[in-house]
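S.K.: Okay, here's the structure, questions in a sec.
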Amino acid sequence: MIHVSEPATARRNRLIFRCVLEFLLDESHRLITRHHGSFTRGVIHLAVGQASRRPAGSPPGAISVRAVAQSLGLAYETTRRQVGALEAEGLLSRSGESGVTVAAEAGPSPPGWDEARCAGLRGLIADLKGLGFAFDPGPGGAPREDKDLAGPLAALLDTFILRVLEAGVAPHGSMLDALVFSSLITANAGDITYDRELAQKYAWSDSPPPDELRRPVTITGLSERLGLPHETIRRRVVRYIALGWVVRAPGGYLSTMSRQQSPDVIEGGQIIVQRFLQLIHAARQLGLDVEAIGPNVRAPTSRRVAVAS
1 MIHVSEPATA RRNRLIFRCV LEFLLDESHR LITRHHGSFT RGVIHLAVGQ ASRRPAGSPP
61 GAISVRAVAQ SLGLAYETTR RQVGALEAEG LLSRSGESGV TVAAEAGPSP PGWDEARCAG
121 LRGLIADLKG LGFAFDPGPG GAPREDKDLA GPLAALLDTF ILRVLEAGVA PHGSMLDALV
181 FSSLITANAG DITYDRELAQ KYAWSDSPPP DELRRPVTIT GLSERLGLPH ETIRRRVVRY
241 IALGWVVRAP GGYLSTMSRQ QSPDVIEGGQ IIVQRFLQLI HAARQLGLDV EAIGPNVRAP
301 TSRRVAVAS
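In UniProt numbering, the protein residues as written are 1 to 309.
Okay, structure coming up:
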């Protein structure tokens, strides 16, 4: 059994990376769907929400549109338009001369939203335990029920998502490209991620799975997995082919192993694993009882996008 708290192991582990990416894709699909198929609008809403958070009893913080654009690597004009759309929807509001903040009248998250996210993190922990990982006991706050934990944990998840997407900018060029490419490599590994034997066999940065175990994925499959328009995915896959990141294969597309094994992508994966371990530490402090979560391995097809037969 491998302990994810061991730094050397965690940095090298491809298995953790695959499972965390599946969780990230679930979170991203939920976010994109809430914002009518717009990843950009969703991530701007996350960033403003993060900047707005203050201790209970304090007025919400604010952030300028320019600062949002810079923090997300977006063009100012694109950010300005999307902020305007979020204001029109009642989700953001102006805060004097200081910028924008989450609208007070927007109210809490949609019913069951935070609870579903909390359940998703529990599922990720259960998957990793089922695949042979042991989370070493660590200090934490008094265990709390999900109804009390969900809101604070959702705030942690917002920060985690932004940090993970930021880690993908350097190797991929933008947060959206990082997300689309991640969905592609995750779909290709759909038969490996939740198969305990294969997941352990191809668990390390220097042990990539052979192409015969990877399954091509269609553009339609990626579009459905992320909740993004088909054309958005198609344009990016075409560009990835030109860059040598992706190749056509019978029934779909495969990411090239040369791209996956490039130093910048490997480093980005290590950062994502580190961010995940930081998330678990912070969640423990809030009262998430990691030890009480039992192991579980979901069927390999349970979260797989449409792939070629």
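We put the beta carbon where it would ideally sit given N, CA and C, even for glycine.
(1) Taking 7 Å as the limit between beta carbons, can you name the residues of its chain near N296, skipping five residues before and five after?
(2) Report yes if the C-beta distance between L21 and S182 is below 7 Å; otherwise report no.
(3) Between the region 264-272 and the region 160-177, do at least 3 Cβ pairs fall closer than 8 Å?
(4) Given this structure, state the Cα-to-Cα distance separating A8 from D206, to the nearest angstrom.
(5) DSSP has A249 in a bridge; who is on the other side?
(6) If we call anything under 7 Å between Cβ atoms a contact, is A104 one with G90?
(7) To the nearest angstrom, how far is the alpha carbon of D148 from that of Y253?
(8) Does DSSP classify V307 as helix, strand or coil?
(9) Assuming T33 contacts G227 under a Cβ cut-off of 8 Å, what Cβ separation, rounded to an integer in Å, is found between them?
(10) Using DSSP's beta-bridge definition, name the partner residues of N13.
(11) Alpha carbon to alpha carbon, how far is residue 365 from L157?
(12) Would A203 and L15 qualify as a contact pair, given that the criterion is a beta-carbon distance under 7 Å?
(13) Taking the alpha-carbon positions, what's the S223 to D177 distance?
(14) Just tell me which of G244, N188, A155 has its CA closest to the CA of S109.
(15) How about L46 and V164: are their beta carbons less than 7 Å apart?
(16) Mind listing, in chain order, the continuous beta strand (DSSP E) runs of no fewer than 3 residues lying wholly within the region 66-107?
(17) Which of the three DSSP states, helix, strand or coil, is assigned to F160?
(18) Helix or strand or just coil, what does DSSP make of I2?
(19) Measuring only the C-alpha atoms, how far is V100 from S258?
(20) Contact check, L288 vs L153 under 8 Å by CB: the rounded distance?
(21) Determine the DSSP secondary structure at I185, reduced to helix, strand or coil.
(22) Taking only beta-carbon atoms, is N188 less than 7 Å away from chain B?
(23) Cβ atoms of S255 and L184: under 7 Å apart, would you say?
(24) In this structure, what does DSSP give as the bridge partners for I32?
(25) Going by DSSP, name the residue or residues bridged to V169.
(26) Look at the Cβ atom of R215, then the Cβ atom of G190, and state whether they are nearer than 7 Å.
(27) Would DSSP call I125 helix, strand or coil?
(28) Please state the DSSP three-state secondary structure of I63.
M.R.: So, from the data block:
(1) Result list for N296: A126, D127, G130, in chain order.
(2) If you check the CB distance, L21 and S182 come in under 7 Å.
(3) yes
(4) Note that A8 scores a pLDDT of 46, beneath 50, so its modelled location is shaky; the value from the coordinates is reported in the next line. Using only the alpha carbons, I get a separation of about 13 Å.
(5) G252
(6) no
(7) Distance between the alpha carbons of D148 and Y253: 43 Å.
(8) Residue placement at V307 is poorly supported in this model, since its pLDDT is 40, which falls under 50; the coordinates still yield a value, given next. Strand.
(9) 5 Å
(10) W204
(11) Absent from the structure is residue 365, since the part of the chain shown begins at 1 and ends at 309.
(12) Here A203 is near L15, since their CB atoms are less than 7 Å apart.
(13) 13 Å
(14) A155
(15) no
(16) 92-95, 99-102
(17) helix
(18) Any reading at I2 must be qualified, since the residue scores a pLDDT of 45, below 50, and its modelled position is unreliable; the value itself is stated next. Three-state DSSP puts I2 in a strand.
(19) 43 Å
(20) 7 Å
(21) I185 falls in the helix class under three-state DSSP.
(22) Going by chain labels, chain B is absent from the structure shown, which holds only one protein chain.
(23) yes
(24) Looking at the DSSP output, I32 shares a beta bridge with no other residue.
(25) In the DSSP output, where bridge partners are listed per residue, V169 has none listed.
(26) yes
(27) helix
(28) strand
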